[in-house]
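K.L.:
Before I ask anything, here is the structure I am working with.
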Amino acid sequence: MKALVTVWKKELLELVRDRRTLALTLLFAPLLGPLLFIGMATLGESKSKEQLEKPLSIAIAGAERAPNLVAWLASQGIARKDVADPDGAIRAQEEDVYLRIGADYAASWREGKPALVEVVHDSTRRDADIPVKRLEALLGQYNQQVGALRLLARGINPGVASPMTVSRKDLSTPEARGAGMAAMLLPYLLILGAFMGSLQLVLDTTAGERERQSLEPLLATPARRGAIVSGKIAAACSVGIVSLVLTLLVFRVGAVFAPGAAKQLAVGFSEMALMLVVLLPMVFLGGALLTYIAAAAKSVKEAQSYTTALILLPMIPTIILMVSPVKNQLWMFAVPFLAQNQMLLKVIRSEPVTVTQWAVYLAAGFGLAALLWYAAVRRYQQERLAVSS
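Counting with the numbering used here, you get residues 2 to 390 for the letters of the sequence shown.
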(Lines of atoms letter the chains of each structure in order from A; the text may use other names.)
(Lines give C-alpha, C1' and ligand atoms only; values in the text may rest on other atoms or scores of the structure.)
Protein backbone atom coordinates (compact mmCIF):
# COMPACT_ATOMS: atom_id res chain seq x y z
CA MET A 2 0.00 0.00 0.00
CA LYS A 3 2.88 2.34 0.79
CA ALA A 4 4.40 1.74 -2.65
CA LEU A 5 1.03 2.44 -4.30
CA VAL A 6 0.71 5.79 -2.50
CA THR A 7 4.31 6.66 -3.38
CA VAL A 8 3.74 6.02 -7.10
CA TRP A 9 0.43 7.90 -6.93
CA LYS A 10 2.15 10.96 -5.43
CA LYS A 11 5.03 10.69 -7.92
CA GLU A 12 2.75 10.70 -10.98
CA LEU A 13 0.66 13.60 -9.71
CA LEU A 14 3.77 15.61 -8.84
CA GLU A 15 5.20 15.07 -12.32
CA LEU A 16 1.88 16.14 -13.83
CA VAL A 17 1.93 19.38 -11.86
CA ARG A 18 5.48 20.06 -13.02
CA ASP A 19 4.52 19.46 -16.67
CA ARG A 20 2.44 22.57 -17.20
CA ARG A 21 1.53 21.72 -20.78
CA THR A 22 0.04 18.35 -19.90
CA LEU A 23 -1.63 19.85 -16.85
CA ALA A 24 -3.26 22.56 -18.97
CA LEU A 25 -4.48 20.02 -21.54
CA THR A 26 -5.88 17.75 -18.85
CA LEU A 27 -7.47 20.17 -16.39
CA LEU A 28 -8.16 23.29 -18.46
CA PHE A 29 -8.47 22.65 -22.17
CA ALA A 30 -10.55 19.46 -22.11
CA PRO A 31 -13.00 20.46 -19.31
CA LEU A 32 -13.57 23.88 -20.90
CA LEU A 33 -13.75 22.96 -24.58
CA GLY A 34 -16.62 20.46 -24.42
CA PRO A 35 -19.05 22.54 -22.32
CA LEU A 36 -18.29 25.82 -24.11
CA LEU A 37 -18.63 24.20 -27.53
CA PHE A 38 -21.89 22.52 -26.53
CA ILE A 39 -23.43 25.65 -25.02
CA GLY A 40 -22.23 27.72 -27.97
CA MET A 41 -23.90 25.35 -30.42
CA ALA A 42 -27.12 25.36 -28.40
CA THR A 43 -27.09 29.15 -28.27
CA LEU A 44 -26.47 29.44 -32.01
CA GLY A 45 -29.24 26.95 -32.79
CA GLU A 46 -31.67 28.75 -30.48
CA SER A 47 -30.86 32.11 -32.06
CA LYS A 48 -31.31 30.78 -35.59
CA SER A 49 -34.63 29.10 -34.75
CA LYS A 50 -35.95 32.27 -33.11
CA GLU A 51 -34.89 34.32 -36.11
CA GLN A 52 -36.66 31.98 -38.55
CA LEU A 53 -39.83 31.99 -36.47
CA GLU A 54 -40.07 35.75 -36.11
CA LYS A 55 -38.85 37.17 -39.41
CA PRO A 56 -41.23 37.58 -42.41
CA LEU A 57 -41.11 34.62 -44.77
CA SER A 58 -40.90 35.18 -48.52
CA ILE A 59 -41.66 32.20 -50.75
CA ALA A 60 -42.39 31.50 -54.38
CA ILE A 61 -46.00 30.63 -55.22
CA ALA A 62 -46.49 28.77 -58.47
CA GLY A 63 -49.98 29.35 -59.87
CA ALA A 64 -50.75 32.25 -57.53
CA GLU A 65 -53.31 33.65 -59.99
CA ARG A 66 -55.50 30.58 -59.37
CA ALA A 67 -55.95 31.36 -55.64
CA PRO A 68 -55.80 35.15 -55.09
CA ASN A 69 -57.69 34.95 -51.79
CA LEU A 70 -55.28 32.36 -50.38
CA VAL A 71 -52.28 34.42 -51.49
CA ALA A 72 -53.73 37.56 -49.89
CA TRP A 73 -54.49 35.71 -46.64
CA LEU A 74 -50.97 34.31 -46.47
CA ALA A 75 -49.60 37.83 -47.00
CA SER A 76 -51.63 39.04 -44.03
CA GLN A 77 -50.00 36.29 -41.95
CA GLY A 78 -46.45 37.33 -42.84
CA ILE A 79 -45.90 35.04 -45.86
CA ALA A 80 -44.92 37.29 -48.75
CA ARG A 81 -44.79 36.21 -52.37
CA LYS A 82 -41.68 36.52 -54.51
CA ASP A 83 -40.88 35.61 -58.09
CA VAL A 84 -38.55 32.69 -58.73
CA ALA A 85 -37.98 31.54 -62.31
CA ASP A 86 -37.24 27.89 -61.45
CA PRO A 87 -38.48 27.10 -57.94
CA ASP A 88 -37.61 23.37 -58.17
CA GLY A 89 -34.06 24.21 -59.21
CA ALA A 90 -33.83 26.81 -56.42
CA ILE A 91 -34.81 24.15 -53.85
CA ARG A 92 -32.19 21.71 -55.17
CA ALA A 93 -29.55 24.45 -55.22
CA GLN A 94 -30.48 25.36 -51.61
CA GLU A 95 -31.34 28.89 -52.69
CA GLU A 96 -34.90 28.48 -51.40
CA ASP A 97 -36.25 26.53 -48.42
CA VAL A 98 -39.82 25.94 -49.58
CA TYR A 99 -42.36 27.09 -52.13
CA LEU A 100 -46.11 26.66 -52.66
CA ARG A 101 -47.55 25.11 -55.81
CA ILE A 102 -51.27 25.63 -56.47
CA GLY A 103 -52.88 22.93 -58.61
CA ALA A 104 -54.20 23.65 -62.09
CA ASP A 105 -57.75 22.57 -61.06
CA TYR A 106 -57.70 24.63 -57.86
CA ALA A 107 -60.28 27.23 -58.99
CA ALA A 108 -62.68 24.67 -60.44
CA SER A 109 -62.46 22.40 -57.38
CA TRP A 110 -62.96 25.40 -55.11
CA ARG A 111 -66.16 26.50 -56.88
CA GLU A 112 -67.54 22.96 -56.79
CA GLY A 113 -66.82 22.60 -53.08
CA LYS A 114 -64.28 19.84 -53.67
CA PRO A 115 -60.84 19.64 -52.00
CA ALA A 116 -58.52 21.94 -53.93
CA LEU A 117 -54.91 20.80 -54.31
CA VAL A 118 -51.97 22.81 -52.97
CA GLU A 119 -48.47 21.38 -52.63
CA VAL A 120 -45.76 22.37 -50.19
CA VAL A 121 -42.55 21.66 -52.09
CA HIS A 122 -39.31 21.28 -50.12
CA ASP A 123 -36.28 19.06 -49.54
CA SER A 124 -36.93 16.87 -46.49
CA THR A 125 -33.22 16.11 -46.03
CA ARG A 126 -32.43 19.74 -45.22
CA ARG A 127 -32.85 20.34 -41.50
CA ASP A 128 -32.44 24.10 -41.87
CA ALA A 129 -35.69 24.22 -43.87
CA ASP A 130 -37.82 22.57 -41.18
CA ILE A 131 -39.08 25.78 -39.56
CA PRO A 132 -40.16 27.56 -42.80
CA VAL A 133 -41.92 24.38 -43.96
CA LYS A 134 -43.76 23.96 -40.65
CA ARG A 135 -44.76 27.64 -40.62
CA LEU A 136 -46.31 27.34 -44.09
CA GLU A 137 -48.05 24.04 -43.33
CA ALA A 138 -49.49 25.40 -40.07
CA LEU A 139 -50.92 28.46 -41.84
CA LEU A 140 -52.41 26.36 -44.64
CA GLY A 141 -54.05 24.14 -42.03
CA GLN A 142 -55.45 27.19 -40.26
CA TYR A 143 -56.83 28.60 -43.55
CA ASN A 144 -58.34 25.22 -44.39
CA GLN A 145 -60.22 25.10 -41.05
CA GLN A 146 -61.50 28.67 -41.36
CA VAL A 147 -62.83 28.19 -44.88
CA GLY A 148 -64.36 24.83 -43.96
CA ALA A 149 -66.19 26.39 -41.00
CA LEU A 150 -67.49 29.26 -43.17
CA ARG A 151 -68.82 26.81 -45.77
CA LEU A 152 -70.75 24.91 -43.13
CA LEU A 153 -72.19 28.11 -41.68
CA ALA A 154 -73.28 29.23 -45.15
CA ARG A 155 -75.29 26.01 -45.40
CA GLY A 156 -76.82 26.49 -41.98
CA ILE A 157 -74.75 23.76 -40.37
CA ASN A 158 -72.94 24.12 -37.09
CA PRO A 159 -69.18 23.68 -37.78
CA GLY A 160 -68.95 21.59 -34.62
CA VAL A 161 -70.81 18.80 -36.43
CA ALA A 162 -67.67 18.16 -38.48
CA SER A 163 -65.70 17.62 -35.28
CA PRO A 164 -67.48 14.85 -33.37
CA MET A 165 -64.55 14.37 -31.03
CA THR A 166 -62.12 16.73 -29.31
CA VAL A 167 -58.68 15.28 -28.80
CA SER A 168 -56.44 16.82 -26.15
CA ARG A 169 -53.03 15.91 -24.85
CA LYS A 170 -51.76 15.50 -21.32
CA ASP A 171 -47.97 15.58 -21.16
CA LEU A 172 -46.53 13.71 -18.16
CA SER A 173 -42.93 14.61 -18.94
CA THR A 174 -41.03 16.78 -16.49
CA PRO A 175 -40.37 20.46 -17.27
CA GLU A 176 -36.64 19.66 -17.33
CA ALA A 177 -37.12 17.01 -20.01
CA ARG A 178 -39.32 19.26 -22.17
CA GLY A 179 -36.97 22.20 -21.86
CA ALA A 180 -33.75 20.38 -22.56
CA GLY A 181 -34.96 18.66 -25.73
CA MET A 182 -32.22 17.62 -28.13
CA ALA A 183 -29.60 19.22 -25.89
CA ALA A 184 -30.29 16.52 -23.28
CA MET A 185 -29.53 13.85 -25.88
CA LEU A 186 -26.06 15.21 -26.63
CA LEU A 187 -25.05 16.14 -23.08
CA PRO A 188 -24.62 12.52 -21.85
CA TYR A 189 -22.20 11.80 -24.70
CA LEU A 190 -19.99 14.76 -23.82
CA LEU A 191 -19.99 13.90 -20.12
CA ILE A 192 -19.29 10.20 -20.72
CA LEU A 193 -16.49 11.06 -23.15
CA GLY A 194 -14.99 13.48 -20.63
CA ALA A 195 -15.11 10.90 -17.84
CA PHE A 196 -13.77 8.11 -20.04
CA MET A 197 -10.91 10.05 -21.66
CA GLY A 198 -10.26 12.65 -18.95
CA SER A 199 -7.05 10.97 -17.81
CA LEU A 200 -5.72 10.23 -21.30
CA GLN A 201 -2.78 12.65 -21.24
CA LEU A 202 -1.55 11.43 -17.87
CA VAL A 203 -1.94 7.76 -18.82
CA LEU A 204 0.03 8.22 -22.05
CA ASP A 205 2.82 9.95 -20.17
CA THR A 206 3.03 7.42 -17.34
CA THR A 207 2.97 4.34 -19.57
CA ALA A 208 4.15 4.76 -23.15
CA GLY A 209 5.93 7.99 -22.25
CA GLU A 210 8.05 6.28 -19.60
CA ARG A 211 8.93 3.45 -21.97
CA GLU A 212 9.94 5.99 -24.59
CA ARG A 213 12.10 7.91 -22.09
CA GLN A 214 13.50 4.60 -20.78
CA SER A 215 12.50 5.50 -17.22
CA LEU A 216 10.11 2.58 -16.77
CA GLU A 217 12.84 -0.07 -16.35
CA PRO A 218 14.44 1.59 -13.28
CA LEU A 219 10.99 1.96 -11.73
CA LEU A 220 10.17 -1.71 -12.27
CA ALA A 221 13.58 -2.69 -10.88
CA THR A 222 12.76 -1.23 -7.47
CA PRO A 223 11.68 -3.56 -4.63
CA ALA A 224 8.09 -2.35 -5.00
CA ARG A 225 5.67 -4.92 -6.35
CA ARG A 226 4.57 -4.32 -9.92
CA GLY A 227 0.96 -4.55 -8.89
CA ALA A 228 1.46 -1.63 -6.53
CA ILE A 229 3.28 0.35 -9.23
CA VAL A 230 0.56 -0.02 -11.87
CA SER A 231 -2.16 0.50 -9.25
CA GLY A 232 -0.49 3.75 -8.24
CA LYS A 233 -0.43 4.86 -11.87
CA ILE A 234 -4.10 4.01 -12.37
CA ALA A 235 -5.02 5.68 -9.07
CA ALA A 236 -3.25 8.85 -10.20
CA ALA A 237 -5.05 8.71 -13.56
CA CYS A 238 -8.42 8.25 -11.85
CA SER A 239 -7.69 11.14 -9.46
CA VAL A 240 -6.98 13.44 -12.39
CA GLY A 241 -10.05 12.11 -14.21
CA ILE A 242 -12.28 12.94 -11.24
CA VAL A 243 -10.89 16.47 -10.98
CA SER A 244 -11.37 16.96 -14.74
CA LEU A 245 -14.94 15.66 -14.48
CA VAL A 246 -15.78 17.99 -11.59
CA LEU A 247 -14.42 20.96 -13.56
CA THR A 248 -16.47 19.91 -16.60
CA LEU A 249 -19.67 19.73 -14.54
CA LEU A 250 -18.97 23.13 -12.98
CA VAL A 251 -18.38 24.72 -16.39
CA PHE A 252 -21.67 23.24 -17.63
CA ARG A 253 -23.43 24.54 -14.52
CA VAL A 254 -22.06 28.07 -14.82
CA GLY A 255 -22.27 28.27 -18.63
CA ALA A 256 -25.87 27.04 -18.80
CA VAL A 257 -26.99 29.80 -16.41
CA PHE A 258 -26.02 32.43 -18.98
CA ALA A 259 -27.19 30.44 -22.02
CA PRO A 260 -30.52 31.32 -23.68
CA GLY A 261 -33.50 29.10 -24.39
CA ALA A 262 -33.36 25.33 -24.00
CA ALA A 263 -29.72 25.24 -22.93
CA LYS A 264 -30.69 27.14 -19.76
CA GLN A 265 -32.63 24.06 -18.68
CA LEU A 266 -29.31 22.24 -18.34
CA ALA A 267 -28.32 24.49 -15.43
CA VAL A 268 -29.00 21.70 -12.94
CA GLY A 269 -28.58 22.16 -9.23
CA PHE A 270 -25.68 20.93 -7.14
CA SER A 271 -27.65 17.88 -6.00
CA GLU A 272 -28.09 16.81 -9.64
CA MET A 273 -24.40 17.51 -10.26
CA ALA A 274 -23.53 15.23 -7.35
CA LEU A 275 -25.71 12.49 -8.84
CA MET A 276 -24.01 12.92 -12.22
CA LEU A 277 -20.64 12.62 -10.52
CA VAL A 278 -21.68 9.36 -8.85
CA VAL A 279 -23.06 8.08 -12.17
CA LEU A 280 -19.82 8.85 -13.99
CA LEU A 281 -17.41 7.54 -11.34
CA PRO A 282 -17.43 3.95 -12.74
CA MET A 283 -16.61 5.38 -16.16
CA VAL A 284 -13.62 7.29 -14.73
CA PHE A 285 -12.16 4.10 -13.22
CA LEU A 286 -13.05 2.06 -16.30
CA GLY A 287 -11.37 4.60 -18.57
CA GLY A 288 -8.24 4.88 -16.41
CA ALA A 289 -7.78 1.11 -16.23
CA LEU A 290 -8.54 0.46 -19.92
CA LEU A 291 -6.29 3.27 -21.15
CA THR A 292 -3.47 2.02 -18.93
CA TYR A 293 -3.92 -1.53 -20.19
CA ILE A 294 -3.82 -0.45 -23.85
CA ALA A 295 -1.10 2.19 -23.59
CA ALA A 296 1.19 -0.07 -21.56
CA ALA A 297 1.83 -2.22 -24.64
CA ALA A 298 2.91 0.77 -26.78
CA LYS A 299 6.58 1.61 -27.14
CA SER A 300 6.00 5.31 -27.82
CA VAL A 301 3.42 7.99 -27.10
CA LYS A 302 2.62 8.25 -30.80
CA GLU A 303 1.85 4.54 -31.00
CA ALA A 304 -0.31 4.71 -27.86
CA GLN A 305 -2.25 7.65 -29.29
CA SER A 306 -3.03 5.65 -32.42
CA TYR A 307 -4.52 2.90 -30.24
CA THR A 308 -6.52 5.15 -27.94
CA THR A 309 -7.95 7.45 -30.61
CA ALA A 310 -10.42 4.76 -31.67
CA LEU A 311 -11.79 4.64 -28.12
CA ILE A 312 -13.40 8.06 -28.63
CA LEU A 313 -16.01 6.33 -30.80
CA LEU A 314 -17.18 4.02 -28.01
CA PRO A 315 -19.26 6.59 -26.04
CA MET A 316 -20.83 7.72 -29.32
CA ILE A 317 -22.43 4.35 -30.09
CA PRO A 318 -25.31 4.41 -27.53
CA THR A 319 -26.07 8.06 -28.31
CA ILE A 320 -26.46 7.30 -32.01
CA ILE A 321 -28.53 4.18 -31.32
CA LEU A 322 -30.92 6.02 -29.00
CA MET A 323 -31.32 8.91 -31.47
CA VAL A 324 -32.08 6.59 -34.38
CA SER A 325 -34.07 3.95 -32.49
CA PRO A 326 -35.26 5.05 -29.02
CA VAL A 327 -35.86 2.17 -26.62
CA LYS A 328 -37.58 1.81 -23.27
CA ASN A 329 -35.46 1.27 -20.18
CA GLN A 330 -34.85 -2.33 -19.22
CA LEU A 331 -32.82 -3.59 -16.29
CA TRP A 332 -30.13 -5.26 -18.43
CA MET A 333 -29.29 -1.89 -20.02
CA PHE A 334 -27.87 -0.66 -16.70
CA ALA A 335 -25.17 -3.32 -16.93
CA VAL A 336 -23.94 -2.38 -20.44
CA PRO A 337 -20.99 0.06 -20.47
CA PHE A 338 -21.69 3.48 -22.06
CA LEU A 339 -25.36 2.60 -22.63
CA ALA A 340 -25.88 2.38 -18.87
CA GLN A 341 -24.23 5.76 -18.29
CA ASN A 342 -26.31 7.29 -21.05
CA GLN A 343 -29.57 6.04 -19.57
CA MET A 344 -28.64 7.06 -16.03
CA LEU A 345 -27.61 10.58 -17.06
CA LEU A 346 -30.84 11.01 -19.03
CA LYS A 347 -32.79 10.09 -15.92
CA VAL A 348 -30.92 12.68 -13.87
CA ILE A 349 -31.33 15.40 -16.52
CA ARG A 350 -35.03 14.60 -16.92
CA SER A 351 -35.54 14.49 -13.11
CA GLU A 352 -36.80 10.91 -13.30
CA PRO A 353 -36.43 8.55 -10.31
CA VAL A 354 -33.83 5.77 -10.32
CA THR A 355 -34.81 2.63 -8.42
CA VAL A 356 -32.57 0.92 -5.89
CA THR A 357 -32.34 -2.13 -8.17
CA GLN A 358 -31.18 0.00 -11.08
CA TRP A 359 -28.54 1.67 -8.90
CA ALA A 360 -27.35 -1.72 -7.62
CA VAL A 361 -27.04 -3.25 -11.10
CA TYR A 362 -25.40 -0.14 -12.48
CA LEU A 363 -22.76 0.29 -9.76
CA ALA A 364 -22.00 -3.44 -9.53
CA ALA A 365 -21.55 -3.80 -13.29
CA GLY A 366 -19.60 -0.55 -13.68
CA PHE A 367 -17.13 -1.01 -10.84
CA GLY A 368 -16.94 -4.76 -11.51
CA LEU A 369 -15.79 -4.19 -15.10
CA ALA A 370 -13.38 -1.49 -13.95
CA ALA A 371 -11.89 -3.94 -11.42
CA LEU A 372 -11.43 -6.57 -14.14
CA LEU A 373 -9.65 -4.08 -16.38
CA TRP A 374 -7.54 -2.94 -13.44
CA TYR A 375 -6.52 -6.56 -12.82
CA ALA A 376 -5.77 -7.02 -16.54
CA ALA A 377 -3.50 -3.95 -16.46
CA VAL A 378 -1.66 -5.35 -13.43
CA ARG A 379 -1.19 -8.67 -15.21
CA ARG A 380 0.17 -6.88 -18.28
CA TYR A 381 2.78 -5.15 -16.12
CA GLN A 382 3.99 -8.56 -14.98
CA GLN A 383 5.44 -9.09 -18.47
CA GLU A 384 9.16 -8.56 -18.57
CA ARG A 385 9.08 -7.12 -22.10
CA LEU A 386 7.40 -3.96 -20.75
CA ALA A 387 10.69 -2.96 -19.25
CA VAL A 388 12.32 -2.91 -22.70
CA SER A 389 11.89 0.36 -24.61
CA SER A 390 12.61 -1.03 -28.07
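Quick reminder that beta carbons are idealized off the backbone N, C-alpha and C, glycines included.
In this text, all values refer to a predicted model and were calculated from it rather than measured experimentally.
Report the residue ranges of all alpha helix (DSSP H) runs contained in full by the stretch 217-300; include only those spanning at least 4 residues, in chain order.
P.N.:
List check, alpha helix (DSSP H) in window: 226-258 and 270-295.
K.L.:
Can you name, in chain order, every residue of its own chain whose Cβ lies under 7 Å from the Cβ of L139, other than the five neighbours on each side?
P.N.:
L74, Q77 and I79
K.L.:
With a CB to CB cut of under 6 Å and the five nearest residues on each side skipped, what residues in its chain are close to A237?
P.N.:
S199, L202, V203 and G288
K.L.:
Which partner residues does V118 have in the DSSP bridge list?
P.N.:
I102
K.L.:
Here's the rule I'm using: 16 or more other beta-carbon atoms within 10 Å means buried, otherwise exposed. How should M165 be labelled?
P.N.:
exposed
K.L.:
Quick check on L16: buried or exposed, where buried means 16 or more other Cβ atoms within 10 Å of its Cβ?
P.N.:
Buried.
K.L.:
Skipping 5 residues on each side, what residues in its chain have a beta carbon closer than 7 Å to that of A370?
P.N.:
P282, F285, L286 and A289
K.L.:
Using the DSSP secondary-structure output, state which residues sit across from K82 in a beta bridge.
P.N.:
A60
K.L.:
Taking the straight line between their C-alpha atoms, what separation do you get for Q373 and V240?
P.N.:
The sequence given here has Leu at residue 373, not Gln. As the crow flies, the alpha-carbon of L373 is around 18 Å from that of V240.
K.L.:
What's the gap between the Cα of G232 and the Cα of A224?
P.N.:
11 Å
K.L.:
State the DSSP-derived secondary structure class of N158, mapped to helix, strand or coil.
P.N.:
coil
K.L.:
What does the alpha-carbon distance come out to for the pair A107 and S124?
P.N.:
28 Å
K.L.:
Buried or exposed for I294, going by 16 or more other Cβ atoms inside 10 Å?
P.N.:
The residue in question, I294, is buried, as its Cβ has 16 or more Cβ neighbours within 10 Å.
K.L.:
Could you tell me whether the stretch 330-347 touches the stretch 186-195, where touching means 3 or more Cβ pairs closer than 8 Å?
P.N.:
yes
K.L.:
Assuming T308 contacts L291 under a Cβ cut-off of 8 Å, what Cβ separation, rounded to an integer in Å, is found between them?
P.N.:
6 Å
K.L.:
With DSSP collapsed to three states, give me the class of T308.
P.N.:
T308 falls in the helix class under three-state DSSP.
K.L.:
Can the beta-carbon of I234 be found closer than 8 Å to that of L219?
P.N.:
no
K.L.:
Would the beta-carbon of L187 fall within 8 Å of that of I349?
P.N.:
Contact flag set, yes.
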